[in-house]
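Reading through the structure tokens given below for one structure.
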Amino acid sequence: MNKFTRLTATACPLDVANLNTDQLLPARFLKLPRSAGLGAVLFHDLRFDADARERPDFPLNQPAWREAKIIVGARNFGCGSSREAAVYALLDYGIQCVIAPSFGDIFAGNAVENGLLPAAVSDAEATALMSLLGEEPRLPVTVDLEQQTITCSDKAFSFVVDPVRRTRLLNGWDSIALTASYMDEIAAFKAADRTRRPWACHRPAQCATDQVTNRNNAG
Amino acid sequence: MSMNAPLTLFDKLWAAHEIVRREDGEALLWVDRHFVHEGSFNAFSQLKARGARVAERGLTFAVADHYVPTRSPRRVIDNPEIARMVRTLEDNTAEHGITLFGIGDPRQGIVHVVGPEQGLTLPGLLIVCGDSHTSTHGALGTYSFGIGASEVAHVLMTQTLWQRKPKRMRISLDGRLAPGITAKDIVLAIIARIGADGASGHAVEFAGSTIRALSMEGRLTLCNMSIEAGARSGMIAPDETTFGYIRGRPYSPQGSAFERAVEAWTALATDADAQFDREIELDAADIAPIVTWGTSPQDALPIDASLPDPAREPDAARAKYLREALDYMAVKPGTKLTDIGIDRIFIGSCTNARIEDLRAAAAVLSGRKSKVPGLVSPGSSAVKRQAEEEGLDRIFRDAGLEWGESGCSMCVGINGDVVAPGERCASTTNRNFRGRQGPGARTHLMSPAMVAAAAVMGRLADVRPLIAGRKL
Chain A
471 MNKFTRLTAT
481 ACPLDVANLN
491 TDQLLPARFL
501 KLPRSAGLGA
511 VLFHDLRFDA
521 DARERPDFPL
531 NQPAWREAKI
541 IVGARNFGCG
551 SSREAAVYAL
561 LDYGIQCVIA
571 PSFGDIFAGN
581 AVENGLLPAA
591 VSDAEATALM
601 SLLGEEPRLP
611 VTVDLEQQTI
621 TCSDKAFSFV
631 VDPVRRTRLL
641 NGWDSIALTA
651 SYMDEIAAFK
661 AADRTRRPWA
671 CHRPAQCATD
681 QVTNRNNAG
Chain B
4 MSMNAPLTLF
14 DKLWAAHEIV
24 RREDGEALLW
34 VDRHFVHEGS
44 FNAFSQLKAR
54 GARVAERGLT
64 FAVADHYVPT
74 RSPRRVIDNP
84 EIARMVRTLE
94 DNTAEHGITL
104 FGIGDPRQGI
114 VHVVGPEQGL
124 TLPGLLIVCG
134 DSHTSTHGAL
144 GTYSFGIGAS
154 EVAHVLMTQT
164 LWQRKPKRMR
174 ISLDGRLAPG
184 ITAKDIVLAI
194 IARIGADGAS
204 GHAVEFAGST
214 IRALSMEGRL
224 TLCNMSIEAG
234 ARSGMIAPDE
244 TTFGYIRGRP
254 YSPQGSAFER
264 AVEAWTALAT
274 DADAQFDREI
284 ELDAADIAPI
294 VTWGTSPQDA
304 LPIDASLPDP
314 AREPDAARAK
324 YLREALDYMA
334 VKPGTKLTDI
344 GIDRIFIGSC
354 TNARIEDLRA
364 AAAVLSGRKS
374 KVPGLVSPGS
384 SAVKRQAEEE
394 GLDRIFRDAG
404 LEWGESGCSM
414 CVGINGDVVA
424 PGERCASTTN
434 RNFRGRQGPG
444 ARTHLMSPAM
454 VAAAAVMGRL
464 ADVRPLIAGR
474 KL
């Protein structure tokens, strides 16, 4: 997993509430393998019209923001479908951080799994940042995960990120490697659980077989 | 479990699955059932890259639903890319020894219809799937939520998942629903009230006399759309309705094991005086048939309402939001919802394609013609067989609609069944996002009966006059 510590880059404002993952990556591109690189289809139907021409009014198509590495979004950014490829598309385009008042829960988890920082700020702060960028689009924005601060021009504010996620991002920890250190606990849980919750059908296929046997016997 | 601290249903479900909890609050949870589908290919690629195997293949079930054709002939997939998606799932499940309900299997269907139908979804279980509508399974008293590809890979490799416990929210509904009002109207009313992020960060329990009176199909619809209010999981305490639904299903415990299970499941209820972080209460009598007008499920109004006017909206951000939604939907402020004509209908999806949904739509369509073309895609192959036994397919066909096969179909459009650019579709699905049903498609969400009413009238319409005096 990629680490995230500190980033200074141009930031693209996207003032759209409930910007869902269908917008980040329309479903028809979900067939593409990650190796294909999904940056070209990020926000595809917002970036391009039906004839595949760029929509000049979409912020990411404007010269100042084409190379943005940060997005400043509105409430409930990344809501909707669980598609992790929406995060791949952001990363493949070059976006490493999204600043927004709130995020879809699944999106935020997917982001952290891939080293992309979801930084939560207040509605007022997001609006202030967007208007600052509206006035001076090329203003660099600095996101410092250690300090949990965002600075832009003379403005500075703190952001919220789950402390566990912050630690993971700072260290680039891989959750599978972490889980591997708990294999004994998992095995112990599994053994005890079979007694504790026999009804949980720990072997569903066995349940199905019993059912068939039972029916046959009854018949 | 402590005898003195009253617990919510969710607290009990969480506690039963916690393997370890770290000091930082993150917990490692045991996963009872893991469903995968064609879209899980990214996760299988991660396994391959690590040279890893599936930890608990007996607890992992695969269903072909997202990409399978839902129009006949089914076995021929013209688009090679779509064919490859279905084949990749077959290859991955064969390689890892995972049971697959694939094309041609009588158990095939939409994963969130199939799980409960096969008895794989049982009260008290923790269920995950790489699909946000996994919240559906909570209708049977499970803790179920959608996960991303990295989490899918983690579950495949370890049968566990790291999570931080969400907050607890209870949404209570009491009173009787008026005739023609369904779970879909309830959930759209809830989302309209609390917003598309109103339940973010929360596990939601639905409770109250209205919920208790809902059928299992209705409960599944309700929990299905929890995610559209931002909640990764929704749940309903199991009761006689639940037990009656589960009894005799292929993968459910049987005989004396079932009776013992029911005893354990009965304890899965929120204790009196248990605390929630947030509580919402609604009166069932206030709920009318609801349709969405905009590009988020929160843009929902009773069918007798008119479209909002951004010019009258004092809040500038809200006015901008309304303008953009109205613009995409190509509707004018102030228009009566019932004056909005439609181009097509779709009855299907994990939200509303169970047998009861098809019966409700057929009750409206019986002896009538649809003014627009449309597709009816049953939620599972089993639902399809049952509907045909009941003659519902005949009613849909006689009305001029296409009777299709089971899959995610036109809800997400990735199998090629899409709404054409600019077309307006009355749909029983869960998301009216821009382009959700195809690039440029315009979606209005509503219940199956309301979609049938829209079909009959050729416009958004109130179903109530159409069902007056009809046997439902």
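Here the protein sequences line up with chains A and B, keeping their order. Those letters in the first sequence? Residues 471 to 689, per the working numbering, in order. Those letters in the second sequence? Residues 4 to 475, per the working numbering, in order. Glycine included, C-beta positions come from ideal geometry on N, C-alpha and C. Since this is a predicted model, take the numbers as computed values, not measurements.
Asn702 of chain A burial status per 10 Å Cβ neighbour count (16 or more: buried):
With chain A covering only 471 through 689, there is no way to say anything about residue 702 of chain A.
Below-8 Å beta-carbon distance, Gly472 of chain B vs any chain C residue:
In the structure shown, chain C cannot be found, because the protein chains are A and B.
Using beta-carbon positions only, say whether Asp302 of chain B and Thr295 of chain B come within less than 8 Å of one another.
Along the second sequence, one-based indexing puts residue 302 of chain B at 299. Along the second sequence, one-based indexing puts residue 295 of chain B at 292. In this structure, Thr295 of chain B lies closer than 8 Å to Asp302 of chain B by Cβ.
Does the beta-carbon distance from Ala234 of chain B to His205 of chain B come in below 8 Å?
The residue you call residue 234 of chain B lines up with position 231 of the second sequence. The residue you call residue 205 of chain B lines up with position 202 of the second sequence. Yes; because the gap between Cβ atoms is below 8 Å, this pair is in contact.
Would you identify the three-state DSSP class for Phe399 of chain B, choosing helix, strand or coil?
Locating residue 399 of chain B in the second sequence gives position 396, where the first residue counts as 1. Helix at Phe399 of chain B.
Would you check if the distance between the CB atom of Gly461 of chain B and the CB atom of Lys323 of chain B is smaller than 8 Å?
For the purposes of this step, residue 461 of chain B is taken as residue 458 along the second sequence, with counting starting at 1. For the purposes of this step, residue 323 of chain B is taken as residue 320 along the second sequence, with counting starting at 1. No, the pair does not count as a contact, with Cβ atoms beyond the cut-off.
Less than 7 Å between C-beta atoms, sequence neighbours within five positions excluded: which residues of the same chain meet that for Glu316 of chain B?
For the purposes of this step, residue 316 of chain B is taken as residue 313 along the second sequence, with counting starting at 1. Answer for Glu316 of chain B: Ala322 and Leu325, listed in chain order.
Can you check DSSP and say which residues form a bridge with Leu191 of chain B?
Here residue 191 of chain B refers to the residue found at position 188 of the second sequence. Looking at the DSSP assignment, Leu191 of chain B forms no beta bridge with any residue, so it has no partner.
Give me, in chain order, the residues of the same chain whose beta-carbon lies closer than 6 Å to that of Leu16 of chain B; leave out the 5 immediate sequence neighbours on both sides.
The residue given as residue 16 of chain B occupies position 13 in the second sequence. If we look at Leu16 of chain B and ignore the five residues flanking it on each side, its Cβ neighbours are Tyr146.
Roughly how many angstroms separate the alpha carbons of Glu595 of chain A and Pro169 of chain B, rounded to a whole number?
On the first sequence, position 125 is the one that residue 595 of chain A refers to. On the second sequence, position 166 is the one that residue 169 of chain B refers to. Rounded to whole angstroms, Glu595 of chain A to Pro169 of chain B spans 25 Å at the Cα level.
Can you tell me which residues form a DSSP beta bridge with Ile174 of chain B?
For this step, residue 174 of chain B is matched to residue 171 along the second sequence. Note: Ile174 of chain B sits in a beta bridge opposite B:Phe209 and B:Ile283.
Run through chain A and tell me which residues come within less than 8 Å of Pro468 of chain B, C-beta to C-beta.
Locating residue 468 of chain B in the second sequence gives position 465, where the first residue counts as 1. Chain A residues near Pro468 of chain B: none, gap ~34 Å exceeds 8 Å.
Chain B contacts from the segment 517 to 540 of chain A (Cβ-Cβ distance under 7 Å)
Result list: Ala520.
Per DSSP, which one or two residues make a beta bridge with Pro442 of chain B?
For the purposes of this step, residue 442 of chain B is identified with residue 439 of the second sequence, where counting begins at 1. Partner(s): none; Pro442 of chain B has no beta bridge.
Need the endpoints of the beta strand (DSSP E) that Val611 of chain A sits in, please.
The residue given as residue 611 of chain A occupies position 141 in the first sequence. Where Val611 of chain A is concerned, the enclosing beta strand (DSSP E) stretches over Pro610 to Asp614.
Where Asp330 of chain B and Asp318 of chain B are concerned, what is the direct C-alpha to C-alpha distance, given to the nearest angstrom?
Here residue 330 of chain B corresponds to residue number 327 of the second sequence, with the count starting at 1. Here residue 318 of chain B corresponds to residue number 315 of the second sequence, with the count starting at 1. Cα to Cα, the separation comes out at about 18 Å.
Got a sec, what are the start and stop residues for the beta strand (DSSP E) Tyr146 of chain B sits in?
Counting from 1 along the second sequence, the entry for residue 146 of chain B is found at position 143. Tyr146 to Gly149 is the span of the beta strand (DSSP E), which, as asked, contains Tyr146 of chain B.
Applying a beta-carbon distance threshold of less than 8 Å, which residues of chain B neighbour Trp669 of chain A?
Sequence index remark: in the first sequence, residue 669 of chain A carries index 199 (1-based). Residues of chain B passing the Cβ test: Leu125, Gly127, Pro256, Ala260, Arg263, Ala264, Ala267 and Trp268.
Please identify, using Cβ separations under 8 Å, the residues of the segment 628 to 647 of chain A that lie next to chain B, in order along the chain.
Asp632, Pro633, Val634, Thr637, Ser645 and Ile646
Chain-ordered chain B contacts of Cys622 of chain A [CB-CB under 9 Å]
The residue you call residue 622 of chain A lines up with position 152 of the first sequence. Simply none; closest approach about 20 Å.
For Gly543 of chain A and Ser592 of chain A, the rounded distance between their alpha carbons:
Taking the first residue of the first sequence as position 1, residue 592 of chain A is located at position 122. Taking the first residue of the first sequence as position 1, residue 543 of chain A is located at position 73. Distance between the alpha carbons of Ser592 of chain A and Gly543 of chain A: 11 Å.
Residues in its own chain within less than 8 Å of Leu92 of chain B by CB, not counting five upstream and five downstream?
Position 89 of the second sequence, counted from the start, is the residue given in the question as residue 92 of chain B. For Leu92 of chain B, where only same-chain residues beyond five positions count, the Cβ hits under 8 Å are Val39, His40, Glu41, Ser43, Phe44, Ala65, Ala67, Leu103 and Gly105.
Look up Met536 of chain B in the DSSP assignment and give the residues it is bridged to.
Because chain B here runs from 4 to 475, residue 536 of chain B falls outside it and cannot be looked at.
Rounded C-beta distance between Leu494 of chain A and Gly548 of chain A? I'm assuming under 8 Å.
Within the first sequence, numbered from 1, the residue matching residue 494 of chain A stands at position 24. Within the first sequence, numbered from 1, the residue matching residue 548 of chain A stands at position 78. Indeed, because the Cβ distance is near 7 Å, the residues count as touching under 8 Å.
For Thr245 of chain B, would you say it is in contact with chain A, using Cβ-to-Cβ distances shorter than 8 Å as the test?
The sequence position of residue 245 of chain B within the second sequence is 242, counting from 1. Not an interface residue.
Cβ-based contacts, 8 Å cut-off: residues of the segment 202 to 214 of chain B near chain A
Ser203 and Gly204
Can you pull the chain A neighbours of Phe436 of chain B, defined as C-beta to C-beta under 8 Å?
In the second sequence, residue 436 of chain B corresponds to position 433, counting from 1. Simply Asn490, Asp492, Gln493 and Gly550.
Coil, strand or helix - Ser505 of chain A by DSSP:
Your numbering for residue 505 of chain A matches position 35 in the first sequence. Three-state DSSP puts Ser505 of chain A in a helix.
CA nearest to the CA of Arg173 of chain B, picked from B:Glu21, B:Leu129, B:Leu223 and B:Ala202
Within the second sequence, numbered from 1, the residue matching residue 173 of chain B stands at position 170. Comparing Cα-Cα distances from Arg173 of chain B to each of B:Glu21, B:Leu129, B:Leu223 and B:Ala202, the minimum goes to B:Ala202.
Determine which residues share a DSSP beta bridge with Ile569 of chain A and list them.
Mapped onto the first sequence, residue 569 of chain A falls at position 99. BP columns for Ile569 of chain A point to A:Val542 and A:Ala589.
Given a threshold of 16 other Cβ atoms within 10 Å of its Cβ, counted over all protein chains shown, does Gly370 of chain B qualify as buried or as exposed?
Taking the second sequence and counting its residues from 1, the one referred to as residue 370 of chain B is at position 367. Label assigned to Gly370 of chain B: exposed.
Residues near Met88 of chain B by beta carbon distance below 6 Å, same chain, minus five either side
By 1-based counting over the second sequence, the position of residue 88 of chain B is 85. The answer, listed in chain order, is Glu41 and Tyr70.
With 8 Å set as the bound, which would you pick, yes or no: does the beta-carbon of Met4 of chain B sit closer than that to a beta-carbon of chain A?
As a first step, residue 4 of chain B is located in the second sequence; it is residue number 1 there, counting from the start. Low confidence applies here, because Met4 of chain B scores a pLDDT of 49, under 50, leaving its location unreliable; read the following figure in that light. It does not: the Cβ of Met4 of chain B has no partner Cβ on chain A nearer than 8 Å.
Taking the alpha-carbon positions, what's the Asp492 of chain A to Ala8 of chain B distance?
Here residue 492 of chain A corresponds to residue number 22 of the first sequence, with the count starting at 1. Here residue 8 of chain B corresponds to residue number 5 of the second sequence, with the count starting at 1. Their Cα atoms are separated by approximately 42 Å.
Give the C-beta separation of Ile565 of chain A and Ala538 of chain A to the nearest angstrom, bearing in mind that I take them to be a contact with Cβ-Cβ under 8 Å.
Position 95 of the first sequence holds residue 565 of chain A. Position 68 of the first sequence holds residue 538 of chain A. 7 Å between Cβ atoms; contact.
So, helix, strand or coil for Phe659 of chain A, using DSSP?
Taking the first residue of the first sequence as 1, we reach residue 659 of chain A at position 189. The answer is helix: DSSP assigns Phe659 of chain A an H, G or I state.
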